[in-house]
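Protein chains in written order, with my numbering: chain A, -10 to 392; chain B, 2 to 282.
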Amino acid sequence: MVGMSNRRKALYVFIFIFATMLGLLIFNVYPTILNTYTSITNRNKFRPYPDCDVTLNNVLVPFCWPGFDIPQGTGGKFVIIEPLKENYSKILGDVFTVPGMVNFGLVLLCIVPIVVAWRADRRFDQQIERRFSRGVVWLLGGSIAILCLLVFGFSAWRFLFNSGDFMAVLLRTIIFVILRVPLTFGIGFLMALIVTSPGLPVRNFWRLVLFIPWAASSVAILTSLIWQFFFREQGTINQVLDLLFNIKGPVWLNNPFTAFGVILLVDIWYSYPFFMIAILGAMAAIPNDSYEAAEIDGASYWDQLRNITMPLIRPAILPAIVLTSITAFQMFGTVWAITQGGPTAGAGKPGATELVLVYGYKQIFQLQNYGSATAFATIIFVLLFIATMISLRVSRLTRGVNE
Amino acid sequence: MIRTPSRKMRIVQYIILVMMGFVAIYPIYFALLAIGRPGNSLYTLDLAGMFFPTSWSWDNMRELLFTTPFITWVINSLKVATLTVILAMVVCTSAAFAFSRFEFYGRKSGLTTMLALQAYPGLLSLSAVTMVLTAFGLYGKHLGLVFAYTTIALVFCTWNLKGYFDTIPIDLEESGMIDGCGPVQSFFLIALPLARPALAITALLAFLSGWSDFVYASALVPAPDSLKLAVPALYGLANDVGVPWGQFAAGFAIVVVPTMILFLYLQRFLESGLTLGGVKG
């Protein structure tokens, strides 16, 4: 809009965005602040209400504001705890002690050979005559990394896993993401290739059918209950195993490994169509001329796949990979419907499928450990915030802003 | 790819397609079949019954509709989701317009901050949201839920619509301004009518986000039965040992299958990238 005085423009902007900003402030920004504040108090099941005489309580907690009442109920009052970081140290356990950092450092050290191999590979690529082939470089880097993990990994892993709930839950979630995203991508890519293969009859029918799981994922909490039924002790899968092969199937959801596998499988089922669609979109943008030219030059199917399709879909797929990694990290409904985070190794320990949000949900709603749950939330927020900023960079979702 | 695959490849392709297609469809089909299987017959295997409706009874459906407050739950859900859409659209279209059309201090940072706020997982801030709603006297009421959903919808509504407004040429509004249109008029008379397709998609997504939510609905309106929303109530029904699983399947068919059809319809917009940022992967 041009030709408006500054004051009038400010007035219009204010009118236009006022309601949105107000809504976000009350129900988004303020709860975030309140949550962060709760993480330095001792609020829990037995102390649900604020002690309004304490500074900060009377400013930040809505019950203490003039005109608002503290809800009626029995229970003590929460105050700020001393030392302030107590909730955080309870959750983090001994990660930030000297042995924790040493173990952390050792694991990080194992990434170094991979990075070196990557850099070296780039360097060799620039040479006119490659001195070492790509395979040799990566094999060397990879085997050193695996060797390093074998030497340091197990003890570090055990230490970090037992160092407190936070690390156990976080590592488990990271493993989940690392397994899920490539598998999902692989299946999505394969299906996209098949669906676009020339001469395939009823292409759109297959597309629609393959897309059904994604549509079902919108109500993942209910659809997952069907999967849960399949994998019950007397569920459909064990019935079929019994009938066809006369095997007594395992109790899938009581074994940590199979339970984790079931979660992984169901989540892959939900999310491969997203990749399939993203890849289909990217492939549609590749001009046919490239393939025709390659065909004339005698390039094989694999050559075309490796040298035309893959590099050309990469810019479109990278943002999708980052986005799914973040959503996979925040997976909740599937786990909650199928295992509720179980099976647990012992009382009070997070279960084998207890991913980040499942842990948070249990802490808040079942155990009502508000103090430590919000401390957990704050740490997760910092991690997700960094990941989101990186993803905005990579996906250039905000590029419209800067134009 | 332009080359038609060889015969052998084609057969492999078909095998994969049929297998994946089966896996994609079967869970949903299984639930639809379970509607007609009474009581505990789901626990005894009947190989033909896994694929075809060998015997069919409407008992599950009848009991769901007439002995549980299922219809009330669906109406509650429809009500909350519809109110969410109305509130969110009324509030966010003008903000999206302002972000698209005005140059003002804090515009870029405002838009980015909105996305950054989304990094706080909604589930984890629920204890604080509950506190805020309790203070306002809205905890356990549908209106509180509507406010919570609207806030979630606001960010992606604003982003989606801002993106669409950006694609509408500003020339139209400029010529309107020459004829004496102020910003408010150009918003209502020029931009909004032109943005109708984007408005429809955004409203649909906002509706689905409220309709299919579990966490907020179960936490903010936990009781009584007559106020519950369809998704958390059905979840409770499926985990109730005394209720046959078939009743859940009947509810699944009524609540989830239409949602899925809507999503399948939305697929082509997803492909064109219009909503890629607004939906989960």
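Think of the CB as a built atom: it goes at the ideal place given N, C-alpha and C, for glycine as much as any other residue.
* To do: Grab the span of the alpha helix (DSSP H) containing Phe219 of chain A for me, first residue to last.
  => 209 to 219
* **Within chain D, the residues that Trp246 of chain B reaches when beta carbons sit closer than 8 Å** => Note that chain D does not occur in the displayed structure, where the protein chains are A and B.
* Whole-angstrom C-beta distance between Leu168 of chain A and Leu254 of chain A, which should lie under 8 Å -> Leu254 of chain A to Leu168 of chain A, Cβ: 10 Å. No contact.
* Close Cβ partners of Tyr19 of chain A (< 6 Å) along its chain, the five nearest in sequence each way excluded -> none
* To do: Under 7 Å Cβ to Cβ from Glu392 of chain A, same chain only, skipping five residues before and after it: list those, please.
  => Its pLDDT being 40, under 50, Glu392 of chain A is placed unreliably by the model, and the measurement read from it follows with that caveat. Contacts found: none.
* Segment limits, alpha helix (DSSP H) that includes Tyr261 of chain A -> 245 to 273
* **Proximal residues to Val280 of chain B (C-beta, below 6 Å), its chain only, five neighbours per side dropped** => Summary for Val280 of chain B: the model assigns pLDDT 39, below 50, so the residue's position carries little reliability; its value from the coordinates is reported in the next sentence. Around Val280 of chain B: no qualifying Cβ.
* Which of the three DSSP states, helix, strand or coil, is assigned to Lys351 of chain A? -> Three-state result, Lys351 of chain A: helix.
* Beta-carbon spacing of Val86 of chain B, Ala204 of chain B below 8 Å -> Yes. Within cutoff.
* To do: Give, in chain order, every unbroken run of the beta strand (DSSP E) that is at least 3 residues long and sits entirely within the stretch 43 to 115 of chain A.
  => Here no run is fully enclosed.
* Output yes if chain B places a C-beta closer than 8 Å to the C-beta of Glu284 of chain A; else output no. => yes
* For Phe105 of chain B, return the contacting residues in chain A, with the cut-off set at a CB-CB distance below 8 Å. => Under the 8 Å cutoff, chain A gives Lys(-2), Ala(-1), Val2.
* May I ask you to list, following chain order, the residues of the stretch 80 to 94 of chain B that have a beta carbon less than 7 Å from some beta carbon of chain A? => Val92, Cys93
* Asked: So Tyr38 of chain A and Ile22 of chain A are in contact, right, with Cβ under 8 Å, and what is the actual spacing, rounded?
  -> Their Cβ separation, rounded to whole angstroms, is 19 Å, which puts Tyr38 of chain A and Ile22 of chain A out of contact at 8 Å.
* Asked: Of all the CB atoms in chain B, is at least one closer than 8 Å to the CB of Ser(-6) of chain A?
  -> no
* Asked: Where does the unbroken alpha helix (DSSP H) through Ser95 of chain B begin, and where does it stop?
  -> 71 to 102
* Which residues in chain B sit within 7 Å of Ala204 of chain A, going by Cβ to Cβ distance? -> Met261, Phe264, Leu265
* Asked: Can you give the beta carbon distance from Pro332 of chain A to Ala341 of chain A, rounded, assuming they're within the 8 Å contact cut?
  -> 6 Å
* Asked: At which residues does the alpha helix (DSSP H) containing Leu202 of chain A begin and terminate?
  -> Note on identity: in this sequence residue 202 of chain A is Pro, with Leu being the wrong assignment. Boundaries of the alpha helix (DSSP H) around Pro202 of chain A: 192 to 205.
* Asked: What does Ala332 of chain B reach in chain A if we use C-beta pairs closer than 7 Å?
  -> Residue numbering for chain B in the displayed model covers 2 to 282; residue 332 of chain B lies beyond these limits and cannot be assessed.
* So which residues on chain B does Phe5 of chain A lean against when the C-beta distance must stay under 7 Å? -> Near Phe5 of chain A (Cβ distances below 7 Å), the residues of chain B are Ser95, Ala96, Phe98, Ala99.
* Asked: Where does Asn161 of chain B sit, in a helix, a strand or coil, going by DSSP?
  -> helix
* To do: May I ask you to list the residues that DSSP assigns as paired with Tyr38 of chain A?
  => When DSSP reads this structure, Tyr38 of chain A sits in a beta bridge with A:Lys66.
* Asked: Does the pairing of the stretch 350 to 369 of chain A with the stretch 239 to 254 of chain A give three or more beta-carbon distances under 8 Å?
  -> no
* To do: Please list, in chain order, all residues of the same chain as Leu124 of chain B whose beta carbon is under 8 Å from its beta carbon, the five residues on each side excluded.
  => Val216
* Jot down the residue ranges of each uninterrupted alpha helix (DSSP H) in the stretch 108 to 188 of chain A, minimum 4 residues, whole runs only, in chain order. => 123 to 137, 143 to 150, 154 to 185
* Asked: If you pair each beta-carbon of the stretch 197 to 215 of chain A with each one of the stretch 276 to 289 of chain A, do three or more pairs fall below 8 Å?
  -> no
* For Pro225 of chain B, which residues in chain A fall below 7 Å Cβ to Cβ? -> Residues of chain A passing the Cβ test: none, with the nearest at roughly 18 Å.
* Thr69 of chain B beta carbon near the ligand ADP (any heavy atom closer than 7 Å) -> This structure simply doesn't include the ligand ADP, nor any ligand for that matter.
* Within 10 angstroms of the Cβ of Ala224 of chain B, are there 16 or more other Cβ atoms? Answer buried if so, exposed if not. => exposed
* Beta-bridge partners of Asn33 of chain A, as assigned by DSSP -> A:Arg36
* Asked: Taking the alpha helix (DSSP H) that Pro198 of chain B falls in, what are its first and last residues?
  -> 197 to 212
* **Interface positions of the stretch 14 to 31 of chain B facing chain A (Cβ-Cβ less than 8 Å), listed along the chain** => Gln14, Ile17, Leu18, Met21, Gly22, Val24, Ala25, Ile26, Pro28, Ile29, Phe31
* Asked: So, does the CB of Leu404 of chain A fall closer than 8 Å to a CB anywhere in chain B?
  -> The shown model of chain A, from -10 to 392, leaves out residue 404 of chain A, and the question about it has no answer.
* Is it right to say Ala282 of chain A is buried, meaning 16 or more other beta carbons lie within 10 angstroms of its own, or is it exposed? -> exposed
* Less than 8 Å separating the beta-carbons of Ala199 of chain B and Leu162 of chain B? -> Between Ala199 of chain B and Leu162 of chain B, the C-beta gap is smaller than 8 Å, which places the two residues in contact.
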